[in-house]
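In this note's numbering, the protein residues as written are 110 to 643.
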């Protein structure tokens, strides 16, 4: 199982143009997040949720710039897993892909859950309340399974059909949020909401930071990753991949900030009687549509209920394809069986999609609801992106003369800052979320090591020394989260001093990671082979 897989069971085709690639990024960002994130971010941070979006957008843009450089150097399917493989070896590549896969494979089921949660307003038989949480009924599960199957069928038709469907869906997804924001601002905006009910920051700075990780901000904005994963099928990828990632983040961030402003201004006075922290009790199943209905904007409310199907569906389609490319990349790294590389006649990794579909069906059963899972997915996703800054800095030393269609100015300094911010966001997710993510990360690494040993393969192939920085990183963040001030931590760290501790620790790990990169010659050989195979 762990022997090096052959590089190709068929070649992925470069058929995605620049507009379709940009729209892939946008549709990955504007999904169920726009339907719910404004609500949950405001519940955590109040009106200061606007600042949470700006912080999250800044981090997303930094990471997009970093991946624009490393992704442009060698645009490959599932590049999030492939790039660390070149800079730090097999174990690092596997861990990046494993964490990314955990986040990705749960995203399509969550998008489906969001569709049905909104639809339960007019089809109440789709969901029910169990122990205070809204879950799918038996009929709801059947509808959810049918939607997941639809995502699979569209992806199996090939990237050309996928791109066409994505352009159409994303065009709609750009218009409706803007109409929603405009309608709420024109007909229902109350500026006193920004100062009353506890002021602009009712939960303080801690609330702003917590909303970044747990309010859906990071969950939404980091959808730009789908561009990286589809890079192996992009035309002129050296130019189009960086432009698509950066463009998707900038456009989507502007829309999300506008939506958050409109949402805060439109919350009716009666809904704030218990303060911002109890806001979701009134409108959890469809906040924007509920406000439009209250304001008498029936046409807008109807459009929002339609968009509650279209937006998550588009994102679910994008992530179904992106998840399969992660499987494909891990198989190319030799860490999954070659069956994950088998392509159908449309040059799509068919078994990867089929197996992920089966996992998605299983995940539908225990899903407790949109808000309960976004912190977990966000923590896993951004932890997988921590490999990007490390790889950029390492590759600057390993391959200083390699062509870089996009070169980030002061790239090593920017990467160090981005890595520290990644550490902070993971910390803000809190101990109650992080221990689960870290446990899955450790389990994945242990399984890979065990299978390698039992198969009689040389464990030196895993490049364990080059991955020690990652284990130090999650162990340290785990300890800091446990004694820290977020999400079930013991609250033993000084206020704001905790951020200094996390940032200093993260910077130290970054320096260790760059130092412990693969030998230059080994990286050059891996890159040369990969370039020859593309």
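All C-beta atoms in this analysis are idealised placements derived from N, C-alpha and C, irrespective of residue type, glycine included.
Values in this document were obtained by computation on a predicted structure and should not be read as measured data.
Using 7 Å as the threshold, is the C-beta distance between residue i and residue j below it?
i           : j           : result
residue 438 : residue 335 : no
residue 138 : residue 256 : no
residue 524 : residue 489 : no
residue 609 : residue 578 : no
residue 423 : residue 282 : yes
residue 413 : residue 397 : yes
residue 611 : residue 532 : yes
residue 203 : residue 429 : no
residue 357 : residue 333 : yes
residue 328 : residue 635 : no
residue 381 : residue 306 : yes
residue 187 : residue 435 : yes
residue 459 : residue 453 : yes
Under three-state DSSP, which class holds residue i?
i           : result
residue 673 : One cannot answer for residue 673 here, as it falls past the ends of the chain, which runs 110 to 643.
residue 84  : Beyond the ends of the chain as shown, which are 110 and 643, falls residue 84; an answer cannot be given.
residue 138 : helix
residue 311 : coil
residue 603 : coil
residue 244 : strand
residue 379 : helix
residue 458 : strand
residue 406 : coil
residue 445 : coil
residue 215 : helix
residue 343 : strand
residue 174 : helix
residue 185 : coil
residue 452 : strand
Just how far apart, CA to CA, sit residue i and residue j?
i           : j           : result
residue 632 : residue 134 : 29 Å
residue 182 : residue 175 : 11 Å
residue 111 : residue 153 : With a pLDDT of 39 at residue 111, under the threshold of 50, the modelled position of that residue is not reliable, and the figure given next carries that caveat. Looking at the two C-alpha atoms, the distance is approximately 45 Å.
residue 500 : residue 126 : 27 Å
residue 613 : residue 551 : 23 Å
residue 369 : residue 640 : 44 Å
residue 312 : residue 605 : 15 Å
residue 379 : residue 289 : 21 Å
residue 543 : residue 485 : 7 Å
residue 580 : residue 248 : 43 Å
residue 118 : residue 451 : Residue placement at residue 118 is poorly supported in this model, since its pLDDT is 43, which falls under 50; the coordinates still yield a value, given next. C-alpha separation (whole angstroms): 5 Å.
residue 600 : residue 297 : 40 Å
residue 227 : residue 416 : 10 Å
residue 626 : residue 549 : 24 Å
residue 299 : residue 166 : 26 Å
residue 595 : residue 212 : 21 Å
residue 563 : residue 189 : 28 Å
residue 184 : residue 537 : 32 Å
residue 473 : residue 520 : 41 Å
residue 448 : residue 571 : 21 Å
residue 67  : residue 585 : No answer is possible for residue 67: the residues shown for the chain start at 110 and end at 643.
residue 360 : residue 367 : 11 Å
residue 163 : residue 463 : 37 Å
residue 231 : residue 623 : 54 Å
residue 191 : residue 630 : 17 Å
residue 395 : residue 461 : 33 Å
residue 128 : residue 170 : 19 Å
Within its chain, find whatever has a CB closer than 7 Å to the CB of residue i; leave out the 5 residues flanking it on each side and keep chain order.
i           : result
residue 628 : none
residue 468 : 214
residue 516 : 178
residue 113 : Per-residue confidence for residue 113 stands at a pLDDT of 39, beneath the threshold of 50, marking its modelled position as unreliable; the derived number appears in the next sentence. The residues are 443.
residue 279 : 132, 135, 136, 423
residue 505 : 520, 521
residue 225 : 235, 236, 245, 249, 252, 253
residue 573 : 200
Tell me which same chain residues have a C-beta within less than 8 Å of the C-beta of residue i, skipping the five on either side of it?
i           : result
residue 303 : 156, 309, 373, 374
residue 293 : 371, 372, 374, 375, 397, 400, 401, 404
residue 511 : 182, 504, 636
residue 649 : The chain is shown only over 110 to 643; residue 649 falls outside these bounds and no answer can be derived.
Excluding sequence positions up to five away, which residues of its chain have a Cβ less than 6 Å from the Cβ of residue i?
i           : result
residue 619 : 525, 528
residue 141 : 220, 223, 421
residue 161 : 150, 154, 317, 320, 321, 326
residue 576 : 200, 201
residue 530 : 168
residue 557 : 203
residue 66  : This structure leaves residue 66 out entirely; the chain is present only between 110 and 643.
residue 407 : none
message: Closer than 8 Å is the cut-off here; do at least three beta carbon pairs connect the region 143 to 158 with the region 486 to 495?
response: no
field: Inter-stretch contact at 8 Å, needing at least 3 Cβ pairs: the region 202 to 209 / the region 584 to 591
entry: no
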